[in-house]
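Residues 182 to 514 (the working numbering) are what the sequence shown spells out, left to right.
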Amino acid sequence: MTAQNSPRLRDLAAQHGFYVGTAVHTGAFTRAEAPYCDLLKREFNVIVAENMMKFVELSPAPDTYAWNAADALVDFAAANDMKLRGHTLVWHQQLPQWVTHRSWTPEEARSLLERHIKTVVGRYRGRVWAWDVVNEAIADTGGYRSDSFWYQQLGAEYIALAFQWAHEADPNAILYYNDYEAEGLSPKSDSVYELVRDLKQAEVPIHGVGWQMHLSEGWRVTAEHRSNAERLRGLGLELSMTEMDVRLSTPASAAQLESQARSYGEAMELALETCAALLTWGFTDKYSWIPGFRPGYGAALPFDADYQAKPAYTAMQQALLGAAQTAPLDQGA
């Protein structure tokens, strides 16, 4: 199947005032691989760096910043009429060793984090649409993630401080809290809700919540997803699906691909009801993170390794068109 002559996702999304996007792989982008970049420009109206804007990538040494890749992505978005999400300012992973392999006083750690946030956000002020300010601060079972470097240095206060510093650096950027496995109803999603509710009540400048949506085969929208979306939106927060993929055991069968398509289609329908955007974490199986982290799984994205559209792409397209799912998808219901 080819998407070349079909309506582009970005054009269909624009008709809804909606954004459909993807994470950008550093290697494929910096090498300017033509099939990759051409499809990226064709289909999406918002992009996010998969890794280019993480602390370890931007600041490999003290008082040193490597801006080239991130700058190129910012320029690419502007040149192709795309919004850009920044990912991520504060996370417990992908920190440089010069940060994690020394001792800090609380005052030093606070100064380090403030300087990093204001340096990065300030550089791209007015050019980044939304930032994932704090990523994955909640533990899988609920409560704060106590093994986070930032939590251990500063306690839970680091979260509110990060949002405040990001807002000071760019008052017009949309500021998000982002996390995984928090889209349904669970102790973890309850803790996410309580965190962002408390931030809002304290008048901390937080504007949105990101559902990562790293899913497995068979995922379906339930009433819990709508209930969770409703309570978050009830706080006056924007909601986005920020990192979606649907992993399959490999090699994937035709039936698995149709089931996956249903997941993508239902997610898109829910996003159109409740969210500002849906972004996949990559778009081609050629550059998916899944096989490297979950051996035996893959085929998680809307395009295969040869850049051919999969049923998942068609399901997203159909949802954007506002049409019913096709017969092959209904057969798997």
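Note that CB positions come from ideal geometry on N, CA and C, so glycine has one too.
Source: prediction; values computed, not measured.
Is the region 350-366 touching the region 322-339, taking contact as three or more C-beta pairs under 8 Å? no
Element boundaries [beta strand (DSSP E), containing ASN359]: 355-360
Could you tell me the alpha carbon to alpha carbon distance between PHE225 and SER284, rounded to whole angstroms? 43 Å
Checking the sheet assignment: what are the DSSP bridge partners for PHE484? THR465, ALA490
For ARG191, report the span of its beta strand (DSSP E) as first-last. First-last for ARG191: 190-195, but that is the alpha helix (DSSP H), not the beta strand (DSSP E).
Can you tell which of ASP256, MET234, GLY389 has its C-alpha closest to the C-alpha of LYS222? ASP256
Cα-Cα, which of ALA242, MET234, ALA258, HIS268 is closest to TRP248? MET234
Cβ of TYR358 versus every heavy atom of the ligand ZN: is any distance shorter than 7 Å? Ligands in the displayed structure: none, and consequently the ligand ZN is not present.
Three-way DSSP call (helix, strand, coil) for PRO219 in this model: According to the sequence as given, residue 219 is Asp; it is not Pro. ASP219: helix per DSSP, three-state reduction.
C-alpha distance - LEU482 paired with ARG306, whole-angstrom precision: 31 Å
Using a Cβ-Cβ cut-off of 6 Å (strictly less than) and excluding sequence neighbours within five positions of THR455, which residues of its own chain qualify? ALA410, LEU420
For the candidate residues ALA258, ALA458, TYR494, SER440, whose alpha-carbon lies nearest to that of ASP466? TYR494
How many angstroms separate the CA atom of VAL377 from the CA atom of ILE387? 8 Å
Anyone know if the C-beta pair for GLY463 and ALA204 falls short of 8 Å? yes
If you run the structure through DSSP and keep just helix, strand and coil, what is TYR374? helix
Using the C-alpha atoms, what's the distance from ALA500 back to MET449? 6 Å
Nearest CA to the CA of LEU380: which residue from MET394, GLN393, ARG412, LEU342? LEU342
Residues that TYR246 bridges to, as DSSP identifies them: Paired residues: none, contrary to the question.
Looking at LEU193: is its Cβ nearer than 8 Å to the Cβ of LEU502? yes
Within 10 angstroms of its Cβ, does THR423 collect 16 or more other Cβ (buried), or is it exposed? buried
Spatial neighbours of TRP310 in its chain, beta-carbon cut-off 6 Å, leaving aside the 5 residues before and after: LYS264, LEU265
Can you give the Cα-Cα distance for MET497 and ARG191, rounded to whole angstroms? 11 Å
Other residues of its chain near LEU335: CB distance less than 7 Å, five sequence neighbours each side excluded: PRO287, ALA290, ARG291
With 16 other Cβ atoms within 10 Å as the buried cut-off, status of ASN353: exposed
Neighbourhood of PRO277 by C-beta, 7 Å cutoff - its chain only, sequence neighbours within 5 removed: PHE236, VAL237, SER240, PRO241
Confirm, please, whether the CB-CB distance from TRP279 to ASN316 is below 8 Å. no
By a C-beta neighbour count over all protein chains shown, 10 Å radius and 16 as the cutoff for buried, is PRO243 buried or exposed? exposed
Do ILE298 and ALA383 have their C-beta atoms within less than 8 Å of each other? no
Output the distance between the C-alpha atoms of ALA347 and VAL302, rounded to the nearest integer angstrom. 6 Å
Please report how far the alpha carbon of PRO169 lies from the alpha carbon of PHE199, in whole angstroms. Residue 169 cannot be examined here, being either before or after the span of the chain that is shown, 182 to 514.
Return the Cβ separation of LEU460 and GLY202 in integer angstroms, given the expectation that the two are a contact with Cβ distance under 8 Å. 4 Å
Cβ pair LEU416, PRO492 closer than 8 Å: no
For PHE474, is the classification buried or exposed, using 16 other Cβ atoms within 10 angstroms of its Cβ as the cut-off for buried? exposed
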